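J.: Chains as they are written, first to last, in my numbering: chain W, 8 to 457; chain X, 18 to 339.
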Amino acid sequence: MDKLKLLTIICLLFLLKTTNSYSLIEVDITRGNLNPLPVAVSPLFQDNKSKNEFQRELNLDDLGSEISKVVENNLKQSGLFNPLSKDAFLQKPDIAHLKPRFEDWALIKAQALITGKVSIDNGKLKVEFRLWDVLAGREMLALAFTTVPNNWRRVGHIITDKVYERLTGEKGYFDTRIIYVSEEGLKTQRVKKLAIMDQDGFNTKYLTLGNELVLTPRFNPTNQMVTYLSYFRNLPRVYLLDIETGIQEVVGDFPGMTFAPRFSPDGKKIIMSFAKDGKSDIYVMDLENRIVEQITNHPSIDTSPSYSPDGKYITFNSDRSGYQQIYVMKSDGSNVKRISFGNGLYGTPVWSPRGDLIAFTKLHKGKFFIGVMRTDGKGERLLTENFYQEAPSWSPNGRVLIFYRETKTNEKGEGFSAKLWSIDLTGYNERLVETQTDASDPSWSSLLSN
Amino acid sequence: MHKSLFISSGFHLGIILLSILTLPFISKPIDVPPLISVELIQIADFTNIPYAPKAKKIIEKNKKKNEKLASDQAPPKKIKKEENKEVNLDKKNEIIKELAAKKTPTPEKKLKKVKKEKLESIAMPDKKKEKVQLEEEKKQKPSKEIKKDKDLKKITTLKKPNIKDVKVKQVSEFEKKELFDPNNIAALIDKSMEDFGETNKKKNKISQSQDSSMDNSKLTLSEEDALKAQIFGCWSVPLGLPYNENLLVRIKLKLKPDGTLIKTEILDHARMNMPGQGFFKVLAESALRAVQLCQPLRVPTSGYERWKDLQLNFDAREMLGG
Numbered sequence: 008m009d010k011l012k013l014l015t016i017i018c019l020l021f022l023l024k025t026t027n028s029y030s031l032i033e034v035d036i037t038r039g040n041l042n043p044l045p046v047a048v049s050p051l052f053q054d055n056k057s058k059n060e061f062q063r064e065l066n067l068d069d070l071g072s073e074i075s076k077v078v079e080n081n082l083k084q085s086g087l088f089n090p091l092s093k094d095a096f097l098q099k100p101d102i103a104h105l106k107p108r109f110e111d112w113a114l115i116k117a118q119a120l121i122t123g124k125v126s127i128d129n130g131k132l133k134v135e136f137r138l139w140d141v142l143a144g145r146e147m148l149a150l151a152f153t154t155v156p157n158n159w160r161r162v163g164h165i166i167t168d169k170v171y172e173r174l175t176g177e178k179g180y181f182d183t184r185i186i187y188v189s190e191e192g193l194k195t196q197r198v199k200k201l202a203i204m205d206q207d208g209f210n211t212k213y214l215t216l217g218n219e220l221v222l223t224p225r226f227n228p229t230n231q232m233v234t235y236l237s238y239f240r241n242l243p244r245v246y247l248l249d250i251e252t253g254i255q256e257v258v259g260d261f262p263g264m265t266f267a268p269r270f271s272p273d274g275k276k277i278i279m280s281f282a283k284d285g286k287s288d289i290y291v292m293d294l295e296n297r298i299v300e301q302i303t304n305h306p307s308i309d310t311s312p313s314y315s316p317d318g319k320y321i322t323f324n325s326d327r328s329g330y331q332q333i334y335v336m337k338s339d340g341s342n343v344k345r346i347s348f349g350n351g352l353y354g355t356p357v358w359s360p361r362g363d364l365i366a367f368t369k370l371h372k373g374k375f376f377i378g379v380m381r382t383d384g385k386g387e388r389l390l391t392e393n394f395y396q397e398a399p400s401w402s403p404n405g406r407v408l409i410f411y412r413e414t415k416t417n418e419k420g421e422g423f424s425a426k427l428w429s430i431d432l433t434g435y436n437e438r439l440v441e442t443q444t445d446a447s448d449p450s451w452s453s454l455l456s457n
Numbered sequence: 018m019h020k021s022l023f024i025s026s027g028f029h030l031g032i033i034l035l036s037i038l039t040l041p042f043i044s045k046p047i048d049v050p051p052l053i054s055v056e057l058i059q060i061a062d063f064t065n066i067p068y069a070p071k072a073k074k075i076i077e078k079n080k081k082k083n084e085k086l087a088s089d090q091a092p093p094k095k096i097k098k099e100e101n102k103e104v105n106l107d108k109k110n111e112i113i114k115e116l117a118a119k120k121t122p123t124p125e126k127k128l129k130k131v132k133k134e135k136l137e138s139i140a141m142p143d144k145k146k147e148k149v150q151l152e153e154e155k156k157q158k159p160s161k162e163i164k165k166d167k168d169l170k171k172i173t174t175l176k177k178p179n180i181k182d183v184k185v186k187q188v189s190e191f192e193k194k195e196l197f198d199p200n201n202i203a204a205l206i207d208k209s210m211e212d213f214g215e216t217n218k219k220k221n222k223i224s225q226s227q228d229s230s231m232d233n234s235k236l237t238l239s240e241e242d243a244l245k246a247q248i249f250g251c252w253s254v255p256l257g258l259p260y261n262e263n264l265l266v267r268i269k270l271k272l273k274p275d276g277t278l279i280k281t282e283i284l285d286h287a288r289m290n291m292p293g294q295g296f297f298k299v300l301a302e303s304a305l306r307a308v309q310l311c312q313p314l315r316v317p318t319s320g321y322e323r324w325k326d327l328q329l330n331f332d333a334r335e336m337l338g339g
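(1) Got a sec: is the Cβ-Cβ distance from residue 276 (chain X) to anything in chain W below 8 Å?
(2) With a threshold of 8 Å between beta-carbons, can residue 362 (chain W) be considered close to chain X, or not?
(3) Could you check how far apart the C-beta atoms of residue 159 (chain W) and residue 147 (chain W) are, in whole angstroms? I think they sit under 8 Å.
(4) Can you name, in chain order, every residue of its own chain whose Cβ lies under 6 Å from the Cβ of residue 429 (chain W), other than the five neighbours on each side?
(5) Quick one: give me the first and last residue of the beta strand (DSSP E) that residue 222 (chain W) is part of.
(6) May I ask you to report which of helix, strand or coil DSSP gives residue 309 (chain X)?
(7) Within the 8 Å Cβ cut-off, does residue 285 (chain X) reach chain W?
(8) For the segment 237–258 of chain W, list every residue whose C-beta sits within 7 Å of some C-beta in chain X, in sequence order.
(9) Between residue 274 (chain W) and residue 218 (chain W), how many whole angstroms is the CB-CB distance? I'm expecting something under 8 Å.
(10) Who pairs with residue 279 (chain W) in a beta bridge, going by DSSP?
(11) Does residue 289 (chain X) come within less than 8 Å of chain W when only Cβ atoms are used?
(12) Please list the partners that residue 87 (chain W) has in chain X, where partner means a Cβ-to-Cβ separation under 7 Å.
(13) Hey, could you find the ends of the beta strand (DSSP E) residue 32 (chain W) is sitting in?
(14) Hey, does residue 175 (chain W) have any beta-carbon neighbour from chain X nearer than 8 Å?
(15) Answer yes if the segment 249–257 of chain W comes into contact with the segment 294–304 of chain W, meaning at least three C-beta pairs across the two stretches below 8 Å, and no otherwise.
(16) Would you kindly work out how many angstroms separate the C-alpha atoms of residue 328 (chain W) and residue 348 (chain W), rounded to a whole number?
(17) Can you tell which of W:142, W:361, W:122 has its C-alpha closest to the C-alpha of residue 109 (chain W)?
(18) Grab the span of the beta strand (DSSP E) containing residue 333 (chain W) for me, first residue to last.
(19) Taking the C-alpha atoms as reference points, what is the distance between residue 244 (chain W) and residue 199 (chain W)?
(20) Let's test the definition: count the other Cβ atoms within 10 Å of the Cβ of residue 292 (chain X) and tell me whether it reaches 16, buried, or not, exposed.
(21) Can you tell me whether DSSP reads residue 13 (chain W) as helix, strand or coil?
(22) For residue 249 (chain X), name the three-state secondary structure that DSSP assigns.
(23) May I have a chain-ordered list of the beta strand (DSSP E) segments no shorter than 3 residues that lie completely inside the segment 139–225 of chain W?
(24) Establish whether the CB of residue 142 (chain W) and some CB of chain X are separated by less than 8 Å.
(25) Does the beta-carbon distance from residue 191 (chain W) to residue 444 (chain W) come in below 8 Å?
(26) Using only the heavy atoms of the ligand MN, determine whether one of them is closer than 7 Å to the beta carbon of residue 243 (chain X).
(27) Within a Cβ cutoff of 6 Å, which residues of the same chain sit near residue 212 (chain W), ignoring the five residues on either side of it in sequence?
(28) Can you say whether residue 339 (chain W) is buried or exposed, counting buried as having 16 or more other CB atoms within 10 angstroms of its CB?
(29) At the level of alpha carbons, what is the spacing between residue 95 (chain W) and residue 115 (chain W)?
(30) If you count every other CB in all the chains shown that lies within 10 Å of the CB of residue 262 (chain W), and 16 or more means buried, which is it?
(31) With DSSP run on the structure shown, which of helix, strand or coil describes residue 305 (chain W)?
(32) Please determine, among X:310, X:257, X:249, X:248, the residue with the shortest C-alpha to C-alpha distance to residue 479 (chain W).
(33) Ends of the beta strand (DSSP E) at residue 371 (chain W)?
(34) In chain X, which residues lie less than 7 Å from residue 37 (chain W) when you measure between Cβ atoms?
(35) So, with DSSP's three-state summary, where would you put residue 242 (chain X)?
(36) Is DSSP giving residue 177 (chain X) helix, strand or coil here?
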């Protein structure tokens, strides 16, 4: 019996040796492409009953199509997606929403597909949508919202945020608003008003009447409060405005000029500059107990402070070295360290919401640059160059910067304009942000729906 | 006692003699050849990587040039036999005219020959044809006997035509014929092809015999490069991934012989639903999309058993962090 066992073992060993065994071949893929992902945004399906309701309430023939256009436009603006032309679609929206024929969508080179349905129920707008992986032939995401019909554009933005997050791995920035200074009139007699709009340029509202000069509005990262600089009795002061209620108040009682305000990441403090006796220092005011604390004390001009997302550090610009440069210090004012060492002047540093980069404006050889550098000052990258541009503000996901750009006037002083522009971190996706009037000093809000 | 001593010494002597005669190193110093280390690198017979556009253009240009040269100098046998005769005749006429006009110094014999031919060709074209054919046949026969070295020299001289000598060469058509015979070249090419075929066969035999000794667990450099290049183009890297995290996703593929997918499997599937690893799902899905989009994959045409199971390691760190 033992002999038989031994024989079988020997036979098995022999078999193992003689059969060709191949170990698994591994191939390392370390590169990919950064081409925009082809996406098909099918118009959201609506039934006839809902269609009539939408027409009556919103004066829109095809709300589903309008929402899909919002989504499409957002995806296109991001530079990461390439929405395909609807003319190429082979499947009708209603059937596509139930079960897409993936072969048809793959045929037009779509890699992702968005389908949906809109209906009205008891006066409420109900929107459901699905995101499909065309190549894998499966559903990636399915969500439904109920809101008031007038909110239909926001629904489009929320859908985009969800799709963006699912496909890129980071939060979107589409359901956000931008506050800016609206400018009208001749360059010497500009009427400046605070204005707010959706990030895609729609739903513009004016918050001030234009009687006083307003500058540098900044959003509170946690709520709908805004801080800005306004001239009251020819004295520049930092103000606080609640967008929901319209109530505004002066921040602190400083015996001089306060400017360049910005909220702390928790929204509980305002950091700003206070100028007195030819020098300016950085101060922080707690909004709850109104206690003011001086952060820097140097006989130079320290201004444009901005907190890191964790609130532990502050970046600001100062001319303490003889030229305007960017510095980083601890939030209590200690350990001040210069981080910009390139040629030219550096200003308006803004810490990224991701915490890894600081955006800035640079003036070098008569040209203005918007750029980013790491928080230790290394890895400086200039994203865009122009005659005059400044005031970068981060999108809430830290992927895009919005800033304003002014054009040159001719000899007669004509042709001046100020427009908002956006650029992403790659530096390739630069786009004009449409505004009703000339615009400057933009500030991006955080996501409205979290 | 003495007898045994003699026997013993006799045996000993015999053994010593045997060893001297049979063992070579005793008589001759050992000639050990120096060791040459040979590293075996797996390279496919044909590269799968497409030429760079510039290089491709240059190669195509060269090819065209070569074709032109070949068509000018070595027209194929069957079709151009008769045509060539006529063309040659025309050319010859021109050449003769030129010669007459320019009075270039050419061997008299050749001129006479040409004149003879010319006259004959006008008067009796059929006879001329026969004659030319005969001439060609004559030239073909010795050409077969020409040694390779000579032929190669001729080819090299043909490949590098001296621009200054072009006119002279055009003039001395017969010289050209003597130096260069299209049939000869064809024979050479055929021979070289045969040789190549033989070497190929030999190589194949060797490679097959060496197959077991070679490392089968890898693709060759060009095979791997071709596959990588294909997937690079298909993989849209999600830009929002946190670049300071582990961005490696391993996907195991089961393939058909034509490179299409039978099955895909994410190896670290557990990470998909782990808290704080949401980005991994996005990354893994992007990798799967790339594989789906790329299929059929550019896999080697042979050795299916070797690569029917394949593992792709997608690493986005270099793209996002670097």
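Note that CB positions come from ideal geometry on N, CA and C, so glycine has one too.
Being a predicted model, the structure only gives us computed values, none of them experimental.
T.: In this structure, then:
(1) Numbered from its first residue, the second sequence carries residue 276 (chain X) at position 259. With 8 Å as the cut-off, residue 276 (chain X) does not count as an interface residue toward chain W.
(2) As a position in the first sequence, residue 362 (chain W) is number 355, starting the count at 1. So no, residue 362 (chain W) is outside the interface.
(3) Stepping through the first sequence from its first residue, residue 159 (chain W) is reached at position 152. Stepping through the first sequence from its first residue, residue 147 (chain W) is reached at position 140. The Cβ separation is near 23 Å, so there is no contact.
(4) Working through the first sequence from its first residue, we reach residue 429 (chain W) at position 422. Answer for residue 429 (chain W): 407, 409, 438, 440, listed in chain order.
(5) Position 215 of the first sequence, counting from 1, holds the residue named residue 222 (chain W). First-last of the beta strand (DSSP E) with residue 222 (chain W): 221–226.
(6) Position 292 of the second sequence, counted from the start, is the residue given in the question as residue 309 (chain X). Correct three-state label for residue 309 (chain X): helix.
(7) For this step, residue 285 (chain X) is matched to residue 268 along the second sequence. Cβ-Cβ to chain W under 8 Å: no for residue 285 (chain X).
(8) none
(9) Taking the first sequence and counting its residues from 1, the one referred to as residue 274 (chain W) is at position 267. Taking the first sequence and counting its residues from 1, the one referred to as residue 218 (chain W) is at position 211. No, residue 274 (chain W) and residue 218 (chain W) are not in contact; Cβ-Cβ is about 28 Å, not under 8 Å.
(10) On the first sequence, position 272 is the one that residue 279 (chain W) refers to. DSSP lists W:290 as partners of residue 279 (chain W).
(11) For the purposes of this step, residue 289 (chain X) is taken as residue 272 along the second sequence, with counting starting at 1. So, not an interface residue.
(12) Translated into positions along the first sequence, residue 87 (chain W) becomes position 80. The answer, in chain order, is 256.
(13) By one-based count along the first sequence, residue 32 (chain W) stands at place 25. 32–36 is the extent of the beta strand (DSSP E) around residue 32 (chain W).
(14) Numbered from its first residue, the first sequence carries residue 175 (chain W) at position 168. So, interface residue.
(15) no
(16) By 1-based counting over the first sequence, the position of residue 328 (chain W) is 321. By 1-based counting over the first sequence, the position of residue 348 (chain W) is 341. Their backbone Cα atoms lie some 11 Å apart in a straight line.
(17) The residue you call residue 109 (chain W) lines up with position 102 of the first sequence. Among W:142, W:361, W:122, the Cα nearest to that of residue 109 (chain W) belongs to W:142.
(18) In the first sequence, counting from the first residue as 1, residue 333 (chain W) sits at position 326. Here the beta strand (DSSP E) through residue 333 (chain W) covers 332–337.
(19) Counting from one through the first sequence, the residue named residue 244 (chain W) turns up at place 237. Counting from one through the first sequence, the residue named residue 199 (chain W) turns up at place 192. Roughly 16 Å between the two C-alpha positions.
(20) For the purposes of this step, residue 292 (chain X) is taken as the residue at position 275 of the second sequence. The residue in question, residue 292 (chain X), is exposed, as its Cβ has fewer than 16 Cβ neighbours within 10 Å.
(21) Reading the first sequence from its first residue, position 6 is the one you call residue 13 (chain W). Helix at residue 13 (chain W).
(22) The count along the second sequence starts at 1 and reaches residue 249 (chain X) at position 232. Helix at residue 249 (chain X).
(23) 145–154, 184–191, 198–205
(24) Locating residue 142 (chain W) in the first sequence gives position 135, where the first residue counts as 1. Interface residue, yes.
(25) Within the first sequence, numbered from 1, the residue matching residue 191 (chain W) stands at position 184. Within the first sequence, numbered from 1, the residue matching residue 444 (chain W) stands at position 437. Yes, the pair counts as a contact, with Cβ atoms nearer than the cut-off.
(26) Within the structure as shown, the ligand MN is missing, as the structure has no ligands at all.
(27) Numbered from its first residue, the first sequence carries residue 212 (chain W) at position 205. Hits under 6 Å: 203.
(28) Counting from one through the first sequence, the residue named residue 339 (chain W) turns up at place 332. Exposed: under 16 other Cβ atoms inside 10 Å.
(29) In the first sequence, the residue the question calls residue 95 (chain W) occupies position 88. In the first sequence, the residue the question calls residue 115 (chain W) occupies position 108. Using only the alpha carbons, I get a separation of about 7 Å.
(30) What you label residue 262 (chain W) is simply residue 255 of the first sequence in a count that begins at 1. That one is exposed.
(31) In the first sequence, residue 305 (chain W) corresponds to position 298, counting from 1. Three-state result, residue 305 (chain W): coil.
(32) In the structure as shown, chain W begins at 8 and stops at 457. Residue 479 (chain W) is therefore absent and cannot be evaluated.
(33) Looking up residue 371 (chain W) in the first sequence gives position 364. Residues 364–371.
(34) Looking up residue 37 (chain W) in the first sequence gives position 30. Neighbours of residue 37 (chain W) on chain X, chain order: 332, 335.
(35) Residue mapping note: residue 242 (chain X) aligns to position 225 of the second sequence, counting from 1. Looking at residue 242 (chain X) - three-state DSSP - the assignment turns out to be helix.
(36) Here residue 177 (chain X) refers to the residue found at position 160 when the second sequence is read from its first residue. Any reading at residue 177 (chain X) must be qualified, since the residue scores a pLDDT of 43, below 50, and its modelled position is unreliable; the value itself is stated next. Coil, per DSSP.
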